[in-house]
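K.L.:
Quick one: this structure, given as structure tokens, is what I'll be asking you about.
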Amino acid sequence: KTLKRTDKISRCLNLGSYNYLGFAAADEYCTPRVIDSLCRFSASTCSTRVEGGTTTLHKELEECVANFVGKPAAVVFGMGYVTNSAILPVIIGRGGLIISDSLNHNSIVNGARGSGATIRVFQHNTPSHLEKVLREQIADGQPRTHRPWKKIIVVVEGIYSMEGELCKLPEIIAICKKYKAYVYLDEAHSIGAVGKTGRGVCELLGVDTADVDIMMGTFTKSFGSCGGYIAGSKELIQYLKYTCPAHLYATSISPPAAQQIISSIKVILGEDGSSRGAQKLARIRENSNFFRSELQKMGFEVLGDNDSPIMPIMLYNPAKIPAFSRECLKQNVAVVTVAFPATPLLLARARICISASHTKEDLLKALEVISQVGDMVGIKYFPAEPKKQQQDQQQQQPGKDTIKLD
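In our numbering, the protein residues as written are 18 to 423.
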């Protein structure tokens with residue numbers, strides 16, 4: 018069937034984009050500084066980092082990121098996807114072993130394939146299976162020659178983007194230390210979104226960043242900008258700056274985008290002179306836990322962990338994908354549905370992303386619409402909790418599921 022433009026515009030409540038802290042909208046601190054950087058540096062450097070594409074903003078950004086994530090140094094790139102896909106082939110090659118979580122992002126998968134290293138996969142977020150794979154691979158050695166591996170890297174994500182699950186990082190680090198494997202942590206969806214001060218899963222789970230060898234993250238989620246970063250030892254970052262094609266040949270991140278990241282980090286840390294950063298972090302945590310709890314009470318199957326701003330609602334049947342999204346859209350609620358090949362064929366889902374900028378009224382409206390559509394489409398796979406029981410629980414535990422509005 019041929020698609021036709023309707024030229025109709027609908028104003029919708031956005032539950033689809035990962036604007037976790039609300040920095041993608043105009044901000045009283047960030048926006049004036051971004052405009053000023055546009056006047057001072059222009060919209061683009063029109064050059065690579067090693068030629069004329071490194072400004073004072075790029076230097077400041079890398080120092081800011083390194084301090085924020087708790088690493089000695091960092092290097093930034095203009096695209097988050099490329100940060101994974103271009104870095105892995107630089108840090109490991111033939112004779113090396115990459116052990117990857119089975120649900121890692123496509124950028125990690127493609128980066129691992131491009132490295133030439135041997136790739137093995139362990140069951141999603143299962144440390145015991147990771148240890149089994151490590152033990153077997155170390156015992157067998159390289160294919161054909163059975164020589165010891167030159168290098169072993171275990172690649173995991175802080176929050177898995179299609180599951181909303183937190184990585185079991187402490188257990189994974191303990192196993193990697195035991196078998197002398199490097200840890201590569203992708204914090205695309207966790208940096209800025211979780212942790213008391215927004216420093217990601219390491220802060221949330223009480224992990225020392227010194228135990229994570231390579232920390233990767235993006236600026237497209239919590240910081241309202243674009244690009245990605247790698248943080249690690251000074252030796253690693255220096256090596257990447259001399260060898261990584263994404264640093265040597267790609268145009269550097271635009272100055273206004275760099276300024277947006279710097280400014281948003283300062284707001285998160287309270288360096289703007291206000292408590293807005295702390296309020297945003299508290300709000301996204303409260304919003305996420307409230308919304309997840311309410312969906313579960315309604316009878317939906319919701320994946321993920323508490324504090325995670327990602328909550329997949331399981332649809333299962335591929336035929337329910339367009340029905341769910343279109344019925345929500347009719348009531349001005351925009352949701353993202355995900356199907357094969359991003360997920361297995363019969364594990365289709367709607368991925369809800371919660372933001373600190375959502376108000377209580379926004380969330381209540383979304384819950385009402387999703388509940389109605391859920392009944393219509395038939396995706397409430399569990400018995401709903403009686404409303405009277407919900408009210409009694411809220412009276413017994415005042416404030417537990419309450420969202421504070423400033």
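A virtual CB, placed ideally from N, CA and C, is assigned to each residue, including glycine.
Suppose the cutoff is 7 Å on Cβ atoms and the five residues either side in sequence are ignored; what does the same chain contact list for His375 look like?
P.N.:
On the sequence shown, position 358 is the one that residue 375 refers to. Result list for His375: Asn304, in chain order.
K.L.:
Restricting to Cα atoms, I'd like to know which of Leu346, Cys345, Phe317 is closest to Tyr333.
P.N.:
The sequence position of residue 333 within the sequence shown is 316, counting from 1. Considering only alpha carbons, the answer is Phe317.
K.L.:
Please state whether DSSP places Pro326 in a helix, a strand or coil.
P.N.:
Here residue 326 refers to the residue found at position 309 of the sequence shown. Three-state result, Pro326: coil.
K.L.:
Using the C-alpha atoms, what's the distance from Gly244 back to Ala227?
P.N.:
Stepping through the sequence shown from its first residue, residue 227 is reached at position 210. Stepping through the sequence shown from its first residue, residue 244 is reached at position 227. Looking at the two C-alpha atoms, the distance is approximately 24 Å.
K.L.:
Using 8 Å as the cut-off, can you tell me whether the stretch 254-271 makes contact with the stretch 56-72, which would need three or more C-beta pairs spanning the two stretches below that distance?
P.N.:
These segments touch.
K.L.:
So if DSSP puts Lys168 in a beta bridge, which residue, or which two residues, is it bridged to?
P.N.:
Taking the first residue of the sequence shown as position 1, residue 168 is located at position 151. Per DSSP, Gly113.
K.L.:
Is Asn349 helix, strand or coil by DSSP?
P.N.:
If you number the sequence shown from 1, residue 349 lands on position 332. Three-state DSSP puts Asn349 in coil, outside helix and strand.
K.L.:
Please name the residue in Thr214, Leu20, Phe240, Ile330 whose C-alpha comes closest to that of Glu311.
P.N.:
In the sequence shown, residue 311 corresponds to position 294, counting from 1. Here the closest residue by C-alpha is Ile330.
K.L.:
Report the start-end ranges of each beta strand (DSSP E) in the stretch 335-379 that is 3 residues or longer and not cut off at the edges.
P.N.:
Counting only runs of 3 or more, we get 353-355, 365-370.
K.L.:
Are the CB atoms of Met328 and Asp321 within a distance shorter than 9 Å?
P.N.:
For the purposes of this step, residue 321 is taken as residue 304 along the sequence shown, with counting starting at 1. For the purposes of this step, residue 328 is taken as residue 311 along the sequence shown, with counting starting at 1. Per the sequence shown, residue 321 should be read as Gly rather than Asp. Yes. Within cutoff.
K.L.:
Helix, strand or coil for Met233 per DSSP?
P.N.:
Translated into the one-based positions of the sequence shown, residue 233 becomes position 216. Three-state result, Met233: strand.
K.L.:
Label Gly234 either buried or exposed according to how many other C-beta atoms from any shown protein chain fall within 10 Å of its C-beta, with 16 as the threshold for buried.
P.N.:
Residue 234 sits at position 217 when you count from the first residue of the sequence shown. Classification for Gly234: buried.
K.L.:
Can you check whether the CB of Ala191 is closer than 9 Å to the CB of Val171?
P.N.:
Within the sequence shown, the letter at position 154 stands for residue 171. Within the sequence shown, the letter at position 174 stands for residue 191. No, these two residues do not count as a Cβ contact at 9 Å.
K.L.:
From Ile285 to Ala43, what distance separates their C-alpha atoms?
P.N.:
Within the sequence shown, residue 285 is the residue found at index 268, counting from 1. Within the sequence shown, residue 43 is the residue found at index 26, counting from 1. Cα to Cα, the separation comes out at about 16 Å.
K.L.:
Can you find the residues in the same chain that come closer than 6 Å, C-beta to C-beta, to Val51, ignoring five residues on each side of it along the sequence?
P.N.:
Taking the first residue of the sequence shown as position 1, residue 51 is located at position 34. Contacts found: Pro273, Gln276, Gln277.
K.L.:
Round the Cβ separation of Ser325 and Ile176 to the nearest angstrom and send it over; I've been treating them as touching at under 8 Å.
P.N.:
As a position in the sequence shown, residue 325 is number 308, starting the count at 1. As a position in the sequence shown, residue 176 is number 159, starting the count at 1. So it is a contact: roughly 5 Å between Cβ atoms.
K.L.:
Expressed to the nearest angstrom, what Euclidean distance is found between the alpha-carbon atoms of Leu105 and Ala336?
P.N.:
For the purposes of this step, residue 105 is taken as the residue at position 88 of the sequence shown. For the purposes of this step, residue 336 is taken as the residue at position 319 of the sequence shown. Going by the C-alpha atoms only, they are around 37 Å apart.
K.L.:
Quick check: what's the CA-CA separation for Leu362 versus Ala356?
P.N.:
As a working mapping, residue 362 is identified with position 345 in the sequence shown. As a working mapping, residue 356 is identified with position 339 in the sequence shown. Looking at the two C-alpha atoms, the distance is approximately 7 Å.
K.L.:
By Cβ distance below 7 Å, which residues in the same chain neighbour Pro144 in space, the five residues on each side in sequence not counted?
P.N.:
Translated into the one-based positions of the sequence shown, residue 144 becomes position 127. These residues qualify, in order along the chain: Lys185, Glu188, Ile189, Ile192.
K.L.:
For the stretch 236-253 and the stretch 204-220, state whether three or more C-beta atom pairs, one from each stretch, are separated by less than 8 Å.
P.N.:
With a cut-off of 8 Å, the stretch 204-220 and the stretch 236-253 count as touching, because enough Cβ pairs lie within range.
K.L.:
For Leu431, which of Ile396, Arg137, Ala83, Thr237 has the nearest alpha-carbon?
P.N.:
Only positions 18 to 423 of the chain appear in this structure, which leaves residue 431 out of reach.
K.L.:
Assuming Leu263 and Ala129 are in contact, meaning their beta carbons sit under 8 Å apart, how far apart are those beta carbons, in whole angstroms?
P.N.:
As a position in the sequence shown, residue 263 is number 246, starting the count at 1. As a position in the sequence shown, residue 129 is number 112, starting the count at 1. The amino acid occupying residue 263 in the given sequence is Ala; Leu does not appear at that position. That pair is no contact at about 16 Å.
K.L.:
Give the secondary structure of Glu77 by DSSP, where H, G and I count as helix, E and B as strand, and everything else as coil.
P.N.:
If you number the sequence shown from 1, residue 77 lands on position 60. Three-state DSSP puts Glu77 in a helix.
K.L.:
When DSSP labels each residue in this structure, what does Tyr333 get in the three-state scheme?
P.N.:
Position 316 of the sequence shown, counting from 1, holds the residue named residue 333. Of the three classes helix, strand and coil, the one that applies to Tyr333 here is strand, per DSSP.
K.L.:
Going straight from the alpha carbon of Ala91 to that of Lys258, what length do you get?
P.N.:
Numbered from its first residue, the sequence shown carries residue 91 at position 74. Numbered from its first residue, the sequence shown carries residue 258 at position 241. Roughly 10 Å between the two C-alpha positions.
K.L.:
Which first and last residues belong to the alpha helix (DSSP H) in which Leu221 is found?
P.N.:
The residue you call residue 221 lines up with position 204 of the sequence shown. 218-222 is the span of the alpha helix (DSSP H), which, as asked, contains Leu221.
K.L.:
Could you give the first and the last residue of the continuous beta strand (DSSP E) run that contains Ala248?
P.N.:
Translated into positions along the sequence shown, residue 248 becomes position 231. It spans 245-249 - the beta strand (DSSP E) in which Ala248 sits, taken as one unbroken run.
K.L.:
Mark Cys47 as exposed unless 16 or more other C-beta atoms lie within 10 angstroms of its C-beta, in which case mark it buried.
P.N.:
Translated into the one-based positions of the sequence shown, residue 47 becomes position 30. Cys47 comes out buried.
K.L.:
Are Lys88 and Ser250 touching if we call contact CB-CB under 9 Å?
P.N.:
As a first step, residue 88 is located in the sequence shown; it is residue number 71 there, counting from the start. As a first step, residue 250 is located in the sequence shown; it is residue number 233 there, counting from the start. Cβ distance < 9 Å, so Lys88 and Ser250 count as in contact.
K.L.:
Just to confirm before moving on: does the CB-CB distance between Ile116 and Ile169 stay below 9 Å?
P.N.:
Position 99 of the sequence shown holds residue 116. Position 152 of the sequence shown holds residue 169. Yes.
K.L.:
Please list the terminal residues of the continuous beta strand (DSSP E) segment that includes Arg57.
P.N.:
In the sequence shown, residue 57 corresponds to position 40, counting from 1. First-last for Arg57: 47-58, but that is the alpha helix (DSSP H), not the beta strand (DSSP E).
K.L.:
On the criterion of 16 or more Cβ atoms from any shown chain inside 10 Å, does Asn101 qualify as buried, or is it exposed?
P.N.:
Here the question's residue 101 lines up with position 84 in the sequence shown. The residue in question, Asn101, is buried, as its Cβ has 16 or more Cβ neighbours within 10 Å.
K.L.:
Go to Thr135, then tell me how far its beta strand (DSSP E) extends in each direction, as first and last residue.
P.N.:
Mapped onto the sequence shown, residue 135 falls at position 118. Taken as a continuous stretch (DSSP letters only), the beta strand (DSSP E) holding Thr135 covers 135-139.
K.L.:
Whole angstroms is fine: what's the gap from Phe40's alpha carbon to Gly223's?
P.N.:
Start at 1 with the first residue of the sequence shown, and residue 40 comes out as number 23. Start at 1 with the first residue of the sequence shown, and residue 223 comes out as number 206. Taking the straight line from one Cα to the other gives about 26 Å.
K.L.:
Do Gly110 and Ile369 come within 9 Å of each other at the CB atom, strictly closer than that value?
P.N.:
Translated into the one-based positions of the sequence shown, residue 369 becomes position 352. Translated into the one-based positions of the sequence shown, residue 110 becomes position 93. No, they are not a contact pair.
K.L.:
Compute the Euclidean distance between the alpha carbons of Lys213 and Leu380, then round it to the nearest angstrom.
P.N.:
What you label residue 213 is simply residue 196 of the sequence shown in a count that begins at 1. What you label residue 380 is simply residue 363 of the sequence shown in a count that begins at 1. Approximately 23 Å between the Cα atoms of the pair.
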